[in-house]
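Residue numbers (this note's numbering): 934 to 1587.
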């Protein structure tokens, strides 16, 4: 009876720890928090089952006619539901560590790969539930074994541990390593103890250790919950450590001030009674003096408690200095702009876990462009990849004059009145911090962060780190941009030389146009391209060559009538037609259905200008929002003019 009571108390304590952690996580709405909550719920199934079994024992003795004497044994036979919960737990664990602390490249490339985890996991969990509900004598034999579920859960948990180890050794950020250390110990130790307590005895036909020694059944769950709790509290997993720290500080402060008030009031009251006898104002004097002392010691006492809590729970908090040193080392080893952008973004994400992140870089003659965008802002019109900022944009103007990070929540009294609306729009979209990057006094770009996962405020230390990170990144990103532009210019010159050589050596118009279209797709980094030839009477555009376009779209656009309100605007105006986003261009509304089917988003039409006037249009299509730079437009114009020369030569010698 004593053993059963102890076991029940331990199961109740385990369930209580689960509830406390669940309440902390329920305040969050992001995916990692939802997965963690699912893990805690899965871990709570076994304690609830055990408590129901323990509570059924006295009820079966006290009310046998109502509940039945065999109620405990019936509840005990539901153990396969615990197995189903373990299967679900293993799937959620692997999913969590595929998205936390950084998203796995596997998910970025093949998002459907999660089905490989959940589909067999759900099927095995349903089989375990069927095992609990179907009598042993009924149903097929595979329903009455739990070994497939055990092996599946063990394999998935092993994959989660491997994933954590890869992150631990591949990511040099101290904060990430500190978080993962406890998680690795907790996951590995709890899995090992569970194997020793349940799996090995079951395979050998022995009695489970949890039935012999109280506490062994709860130990794996408590270890895993404790590891999660310590990570959340000590190392700010999901950024709720600040909340825990303040709760501890003010709870302790209230208790100590209450005790001090009672002790001091009693002491002063006794002292005044001893010295002044029955003096009528003695109680009031003692109360006033006590309140005065409490007021004087409250703030110093709070600071002392805060210092003690920080030493106990946050003394090994990650330092920003090692992260900056390692980041500086990595910068020197990379020169390609996409790799550097990914490195900067990963560094920021590992330190702060923002819900969104974007990096804006300057362009030589064409303002600024969003070079990378992740998270919630990746689909926002103003902050998505490819979005353009003119040199006179209010954001550019303010960032040019400021050399420190801009925390939008604190800019209320510093923003010019005429720019308040723009900053309010940025904050409403989810932008919280803008960090400028300057080189030789000029604004080279900036990166922006959304709110943290826990919606905690950015501290002064965070902003200092972001400023140092921007100073380190600016030179490397600018050099990478210039290097990329130089490589692009070399490629463009080589391509122009090839096209010129083709025009001068061949009168085959199809071959020349094919060379031009192929060059456009390679150099401009577009997805589709086409060349239209203008009829001699100037009334129609005829599609001569296309690359990447579907047969249905080619058929629809084979002949276009020239007019001022459709795709032929480049012919009527004799100027390039630039449409960064077709969804925002009303003149393309009549063909929007075909555009959506084709799947392109940005369009650039450049007129083919020859010696005798317009000869056609060079159309370039992008599957993303795209505004061409001045150098891209210059290149497209040169290619369009070469196509015009080829058409004129073909007509001349026809």
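Ideal Cβ positions, reconstructed from N, Cα and C, are used throughout, including at glycine.
Just how far apart, CA to CA, sit residue i and residue j?
i, j, result
"residue 1065", "residue 1102", "42 Å"
"residue 1271", "residue 1372", "20 Å"
"residue 976", "residue 994", "30 Å"
"residue 1581", "residue 1300", "37 Å"
"residue 1400", "residue 1322", "22 Å"
"residue 1338", "residue 1378", "12 Å"
"residue 1335", "residue 1283", "26 Å"
"residue 1365", "residue 1329", "16 Å"
"residue 1011", "residue 1114", "35 Å"
"residue 1502", "residue 1496", "7 Å"
"residue 1237", "residue 1229", "14 Å"
"residue 1281", "residue 1309", "16 Å"
"residue 1087", "residue 1116", "17 Å"
"residue 1174", "residue 1125", "Caution applies to residue 1174, whose pLDDT of 48 falls short of 50 and renders its modelled position unreliable; the model cannot decide the point."
"residue 1118", "residue 979", "22 Å"
"residue 1045", "residue 1332", "41 Å"
"residue 1521", "residue 1063", "58 Å"
"residue 1427", "residue 1571", "13 Å"
"residue 1568", "residue 1422", "10 Å"
"residue 970", "residue 1367", "32 Å"
"residue 1354", "residue 1327", "10 Å"
"residue 1409", "residue 1483", "41 Å"
"residue 1562", "residue 1302", "9 Å"
Starting from the C-beta of residue i, find all residues in its chain whose C-beta is less than 7 Å away, skip the five residues before and the five after it, and write them out in chain order.
i, result
"residue 1226", "1197"
"residue 1346", "Low per-residue confidence applies at residue 1346: pLDDT is 45, beneath 50, and the placement is therefore not dependable enough to give any value."
"residue 1110", "1101"
"residue 1445", "1435, 1436, 1439 and 1579"
In its own chain, which residues sit with a C-beta less than 6 Å from the C-beta of residue i, not counting the 5 before and 5 after it?
i, result
"residue 1082", "1016, 1020, 1057 and 1061"
"residue 987", "941"
"residue 973", "951, 954 and 955"
"residue 1093", "1026, 1027 and 1030"
"residue 1583", "1442"
"residue 1585", "none"
"residue 1479", "1463 and 1487"
"residue 1018", "975 and 978"
"residue 1396", "1338"
Which residues mark the beginning and the end of the alpha helix (DSSP H) in which residue i is found?
i, result
"residue 989", "964-995"
"residue 1084", "1080-1103"
"residue 1443", "1442-1457"
"residue 1029", "1012-1032"
"residue 1564", "1563-1585"
"residue 1369", "No alpha helix (DSSP H) holds residue 1369; the beta strand (DSSP E) holding it covers 1366-1372."
"residue 1054", "1048-1066"
Roughly how far, in whole angstroms, is the beta-carbon of residue i from the beta-carbon of residue j, given that I think they are within contact range, below 8 Å?
i, j, result
"residue 1029", "residue 1134", "Not quite, the Cβ-Cβ distance comes to about 29 Å (not below 8 Å), so this is no contact."
"residue 1123", "residue 1098", "Residue 1123 to residue 1098, Cβ: 16 Å. No contact."
"residue 1362", "residue 1313", "5 Å"
"residue 1341", "residue 1359", "6 Å"
"residue 1153", "residue 1127", "4 Å"
"residue 1436", "residue 1578", "6 Å"
"residue 1450", "residue 1459", "With a Cβ gap of about 10 Å, residue 1450 and residue 1459 do not count as contacting."
"residue 1575", "residue 1456", "Not quite, the Cβ-Cβ distance comes to about 13 Å (not below 8 Å), so this is no contact."
"residue 1414", "residue 1294", "6 Å"
"residue 1189", "residue 1234", "6 Å"
"residue 992", "residue 1004", "7 Å"
"residue 1289", "residue 1307", "7 Å"
"residue 1014", "residue 989", "With a Cβ gap of about 15 Å, residue 1014 and residue 989 do not count as contacting."
"residue 1381", "residue 1291", "5 Å"
Leaving out the 5 sequence neighbours to the left and right, which residues in its chain are closer than 8 Å to residue i when beta-carbon positions are compared?
i, result
"residue 981", "948"
"residue 1085", "1020, 1023, 1053, 1054 and 1057"
"residue 1468", "1474 and 1475"
"residue 1448", "1431, 1432 and 1435"
"residue 1096", "1027, 1030, 1031 and 1037"
"residue 1050", "1024, 1027, 1028 and 1089"
Quick check on the DSSP output: the beta strand (DSSP E) that includes residue i runs from which residue to which?
i, result
"residue 1535", "1535-1543"
"residue 1301", "1301-1308"
"residue 1477", "1473-1480"
"residue 1289", "1289-1295"
"residue 1552", "1546-1555"
"residue 1510", "1510-1512"
Does the beta-carbon of residue i, which I'm using as the reference point, lie nearer than 7 Å to any heavy atom of the ligand FMN?
i, result
"residue 1502", "With respect to small molecules bound, the structure shown includes none, and the ligand FMN cannot be examined in it."
Exercise for review: Could you say if the stretch 1400-1411 and the stretch 1305-1325 meet the contact criterion of at least three C-beta pairs nearer than 8 Å?
Suggested key: Too few Cβ pairs lie closer than 8 Å, so no.
Practice item. Count the C-beta pairs between the stretch 1528-1545 and the stretch 1500-1514 that are closer than 8 Å, then say yes if the count reaches three, no if not. Key: Proximity of the stretch 1528-1545 to the stretch 1500-1514 meets the contact definition, three or more beta-carbon pairs being nearer than 8 Å.
Review point. Counting pairs of Cβ atoms below 8 Å between the stretch 946-954 and the stretch 1152-1162, do you hit three or more?
Key: Flag = yes, the stretch 946-954 and the stretch 1152-1162 touch.
Check your understanding: Counting Cβ pairs closer than 8 Å, one from the stretch 1541-1553 and one from the stretch 1463-1470, do we hit at least three?
Key -> Three or more Cβ pairs drawn from the stretch 1541-1553 and the stretch 1463-1470 lie within less than 8 Å of each other, which places the two stretches in contact.
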